[in-house]
Each structure stands twice: as C-alpha cells, then as structure tokens.
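In the working numbering, the protein residues as written are 6 to 317.
Where a beta carbon is used, it is the ideal one built from N, C-alpha and C, also for glycine.
This is the structure we're talking about:
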C-alpha cells in the first residue's frame, strides 16, 4: 500500500513546483515578491482541495526598528480516524542572495507541496492528520517557525468546539523539515553530482527529544531504503540552523537536506548557497533527482506513520 502511494509522486511535478517558485526570484522576507509567493503557494494548495490557514506574526529586524507584520501559510490533511494527532512536514519558502533561491529553499518547499498534492487525492485516506507548513523568515533566524510554536504549541490536542471532532491544532507526533535538497557535489566541489551523493537525515543529539528524534530519523532511513529510486540516505546527529530546531525540545524533530549543515554546507560545500547563481538553470536533472528522492523518502515514512491507504 505504501509503495502504491509513494509511486504517485511525479518527478516533473516536483520540478514544476520549484520552477513556479523561481518565478518570484529569491522571495526575501518583507518584499513584494515574498508576499506574492505566499499567495501562489496558497493558491496551489487550495486548487488541490485544501482549506488553508495563515500564521500572522511580527518580525523585529535584528538591527533594530519597528516590528513588521509577516505571514506564512499551511494546510492540513485531516486524519479520518485519529484527527487529533498529526505529523508536521515543513520547508521554508523565503530565500536570499539575489537569485531564485531554487535550492535554498524552493527545493524543500517543493518536497512538502508535492507530498501535499498526492495526499489531497480523493481516494487516499490517512488515519492521522498531516500538516504542510511553508515557513517564512527562516533566513532571519527561524522566525516563522518560532512564531508557529509560540502561538500554537499550547493549543495541541484541544477539540474546538467540544464534541465537534475538530482539532485546530492536533497533538504533534513529529516534525520533519526540508532545507536545501539538491546539491551534493562533494567537497572540494566537482562539476557533477557526486557518485556517493545521498539524502542526509539529521537530528539534534543535544535536544530533549533526542531519543524520539533518532527513531523518527530511522523511520525515514528505512523508508528511503524501501521507496527511494536512486539515492541512499544517511543519518547524522548535529541538526542545526533549520526550522525543525524550535520544535526539537517539544516533539521528535528531524531535518532532511543535501548534506550536513555544520560540516559540509556550512563549510561551503554548496557554492550557490545565498548566491545569485542559485537559479533553476544551474541545476541538472541529477540534482533535481536528489531532491525528488528526498520526497520519496519522506512520503514513504509519513504514509506509514499516518497509515495512508488508497480506498475505493
């Protein structure tokens, strides 16, 4: 059953979502292009049949100044039998660098949206709920994800109104973040995708939920071995600088990315990181395929964790 659900993912659709986001440029927070990209994401989710919601919060510039209003959008696949529990899968839709922010992080946003597209199918049911969160303000210090946690953590598992069967914020079971998914060209960097390229699954060893996060990472690793078509996955325990961090002391939380944030990406393993060269045309199909294999990995794990089924 999980294989049949995962097989519905489409490589060209994944690329198409990335290209759709690239049309807005780097989507830097606070700009008109960022606001238009949020609207575009919301339109796609609604076209697939979701009811969308927005988290509204204030961003205070680090250098000082008055707080500025910001928004981010999410949608939810409501579980059929256990709607009051959910997994959150996320990617940040903002970027910077003056290019198109294709890898950082249209590639992760597209993972979330392609999974949302498949789970929106009328013949797919899940026992538990799945929330698709497209964070804003990641590049300024995870502000969008932090705002979500601050506003909604205390609302978990509360039925509103009582007896309605509706849970505006189902109880969190796990959080899976996707941030920079496509570039594993070794370090020193070579022209083509490295022969040993892989999907990196990170959790944070120094978090209160480290044990549960390791189990969630293992579920993703096993899903990769079962359902990813081209690239393997590895686990590491130094998750950092990504939107799963605000969740990691509250719920099992992991991050999928192209390589380790602290030891590879953070040491310029990706020469296009925050650069004008982070463009759709920069990346080959081998690069896009690495991101698509991350999509297969998360879909396989999530489908199993929420008991996704194709029904007549």
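The beta strand (DSSP E) enclosing residue i, as first and last residue numbers
| i | result |
| --- | --- |
| residue 58 | 57-64 |
| residue 260 | 258-262 |
| residue 238 | 238-241 |
Range covered by the alpha helix (DSSP H) that runs through residue i
| i | result |
| --- | --- |
| residue 304 | 290-310 |
| residue 133 | Looking at the DSSP string, residue 133 is not in any alpha helix (DSSP H); the run it does join, the beta strand (DSSP E), is 133-140. |
| residue 44 | 37-52 |
| residue 107 | Taken as a continuous stretch (DSSP letters only), residue 107 belongs to no alpha helix (DSSP H), as it is neither H nor E. |
Reduced DSSP secondary structure (H/G/I, E/B, other) of residue i
| i | result |
| --- | --- |
| residue 91 | strand |
| residue 177 | strand |
| residue 82 | strand |
| residue 251 | helix |
| residue 212 | coil |
| residue 98 | coil |
| residue 151 | helix |
| residue 28 | coil |
| residue 164 | coil |
Span separating the alpha-carbon of residue i from that of residue j
| i | j | result |
| --- | --- | --- |
| residue 249 | residue 294 | 23 Å |
| residue 59 | residue 137 | 12 Å |
| residue 61 | residue 200 | 43 Å |
| residue 203 | residue 270 | 14 Å |
| residue 92 | residue 309 | 11 Å |
| residue 73 | residue 36 | 11 Å |
| residue 105 | residue 26 | 8 Å |
| residue 169 | residue 90 | 15 Å |
| residue 132 | residue 299 | 23 Å |
| residue 14 | residue 7 | 12 Å |
| residue 178 | residue 119 | 21 Å |
| residue 11 | residue 69 | 46 Å |
| residue 101 | residue 252 | 24 Å |
| residue 57 | residue 193 | 43 Å |
Among the options, nearest to residue i - alpha-carbon criterion
| i | options | result |
| --- | --- | --- |
| residue 198 | 57, 300, 292 | 292 |
| residue 297 | 93, 276, 23, 214 | 23 |
| residue 262 | 208, 285, 36, 12 | 208 |
| residue 97 | 124, 68, 146 | 146 |
| residue 34 | 103, 79, 52, 312 | 103 |
| residue 311 | 55, 124, 67 | 124 |
| residue 49 | 206, 79, 240 | 79 |
| residue 42 | 107, 254, 63, 194 | 107 |
| residue 205 | 283, 171, 214, 302 | 302 |
| residue 135 | 317, 304, 315 | 304 |
| residue 30 | 139, 266, 287, 281 | 281 |
heavy atom of the ligand ADP below 7 Å from residue i C-beta
| i | result |
| --- | --- |
| residue 143 | By its list of ligands, the structure shown contains no ligand whatsoever, and the ligand ADP lies outside what it can speak to. |
Does the contact criterion of 3 or more C-beta pairs under 8 Å hold for the stretch 232-239 versus the stretch 143-160?
Using a C-beta cut-off of 8 Å, the stretch 232-239 makes no contact with the stretch 143-160, since fewer than three inter-stretch Cβ pairs fall below that distance.
For the pair the stretch 239-256 and the stretch 181-192, tell me if three or more CB-CB distances fall below 8 Å.
yes
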